[in-house]
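Asker: Here it is: the structure, laid out below.
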Amino acid sequence: MMRVLFDHGTPSGIAGSLSGHEVTEAIERRWDRISNGELLNVAEAAGFNVLLTTDKRIRYQQNLMGRKLAVVVLGNSTRRVVRLYLTALPWR
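Using the numbering used here, you'd call the opening residue of the sequence shown number 9 and step up by one each time.
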């Protein structure tokens, strides 16, 4: 089981497609308004394994090397499109 954190832009409707994993939305923890750098830090400290985000610039804005947390950037935040690619996730 993976602990998955949905950033504020990630469509919550896809959570059901990740059955068998613990899915938490950043807004549930009141983390929806903190910066990406701080979000990465608090998510790692809380034991999350994966951050699902729609922020395509995160890899340019943050140093992701050495992180314990995997960052998956969704190219399109439309739930219908995202569901098509969920089966490609190796931890699904």
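The beta carbon of each residue, even a glycine, is placed where N, CA and C say it ideally should be.
Tell me the rounded alpha-carbon separation between Ala78 and Gln69.
Answerer: Within the sequence shown, numbered from 1, the residue matching residue 78 stands at position 70. Within the sequence shown, numbered from 1, the residue matching residue 69 stands at position 61. If I take the Cα positions, the gap works out to 16 Å.
Asker: Tell me whether Leu47 sits in a helix, a strand or coil according to DSSP, three-state version.
Answerer: Taking the first residue of the sequence shown as 1, we reach residue 47 at position 39. Correct three-state label for Leu47: helix.
Asker: Please classify Ile22: is it buried, with 16 or more other beta-carbons within 10 angstroms of its beta-carbon, or exposed?
Answerer: Here residue 22 refers to the residue found at position 14 of the sequence shown. A buried status is given to Ile22, since no fewer than 16 other beta-carbon atoms sit within 10 Å of its beta-carbon.
Asker: How long is the line joining the alpha carbons of Val31 and Ala54, rounded to whole angstroms?
Answerer: Looking up residue 31 in the sequence shown gives position 23. Looking up residue 54 in the sequence shown gives position 46. Distance between the alpha carbons of Val31 and Ala54 is about 13 Å.
Asker: Among Ser27, Thr61, Arg65 and Val81, whose alpha-carbon lies nearest the alpha-carbon of His16?
Answerer: For the purposes of this step, residue 16 is taken as the residue at position 8 of the sequence shown. Measuring from the Cα of His16, the nearest candidate turns out to be Thr61.
Asker: Looking only at its own chain, which residues have a Cβ that is under 7 Å from the Cβ of Met9, when we skip the five neighbours before and after it?
Answerer: The sequence position of residue 9 within the sequence shown is 1, counting from 1. Contacts found: Gly28, His29 and Glu30.
Asker: According to DSSP, which residues form a beta bridge with Ala78?
Answerer: For the purposes of this step, residue 78 is identified with residue 70 of the sequence shown, where counting begins at 1. Answer by DSSP bridge pairing, in chain order: Val58.
Asker: Could you pull the DSSP bridge partners for Thr32 from this structure?
Answerer: Numbered from 1 along the sequence shown, position 24 holds the residue referred to as residue 32. Paired residue(s): Leu13.
Asker: Taking only the alpha-carbon atoms, compute the straight-line gap between Gly83 and Thr18 and give it to the nearest angstrom.
Answerer: As a working mapping, residue 83 is identified with position 75 in the sequence shown. As a working mapping, residue 18 is identified with position 10 in the sequence shown. So the alpha carbons of these two residues sit roughly 11 Å apart.
Asker: For a test of the three-state rule: what should DSSP assign to Leu72, helix, strand or coil?
Answerer: Indexing the sequence shown from 1 puts residue 72 at position 64. Here Leu72 sits in coil by DSSP.
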